[in-house]
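>
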Amino acid sequence: MYLTSEKKQELFKNHGRLKSANDTGSPESQIALFTHRIQHLTEHLKVNKKDYSTRLGLL
Numbered sequence: 001m002y003l004t005s006e007k008k009q010e011l012f013k014n015h016g017r018l019k020s021a022n023d024t025g026s027p028e029s030q031i032a033l034f035t036h037r038i039q040h041l042t043e044h045l046k047v048n049k050k051d052y053s054t055r056l057g058l059l
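One point on numbering: in this note's numbering, the residue at position 43 of the sequence shown is 43, and numbering is uninterrupted.
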């Protein structure tokens, strides 16, 4: 999987409102998680240009 539990906790710790790995519900944490997902899918689509289902998932 592209995003492990440890990576999620690191994102929440670095970008969360409370700077805690358990701060999963704050808007800052959610935005960081969505941003990471969008960046991952964008890089995937650069390599796999004909992956139309992923392209639709990104939209």
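All C-beta atoms in this analysis are idealised placements derived from N, C-alpha and C, irrespective of residue type, glycine included.
Given the structure is predicted, the values throughout are model-derived calculations rather than measurements.
Thinking L41 and T54 are a contact (beta carbons under 8 Å), I'd like their distance in whole angstroms, please.
Between T54 and L41 the Cβ distance is about 6 Å, and since that is below 8 Å, they are a contact.
> Consult DSSP for S20 and reduce its assignment to one of helix, strand or coil.
Coil at S20, not helix or strand.
> Assuming the contact rule is C-beta atoms closer than 8 Å, E28 and R17 should be a hit. Round their C-beta distance to whole Å, please.
That belief holds up - the Cβ atoms of E28 and R17 are roughly 5 Å apart, short of 8 Å.
> Let's see if you can read the secondary structure: which residues bound the alpha helix (DSSP H) around N48?
Per DSSP, N48 belongs to no alpha helix (DSSP H) and is neither H nor E.
> What three-state label does DSSP hand L56 in the structure shown?
DSSP places L56 in helix when its eight states are reduced to three.
> Can you find a CB in chain C that lies within less than 8 Å of the CB of D51?
The structure shown contains no chain C, having only a single protein chain.
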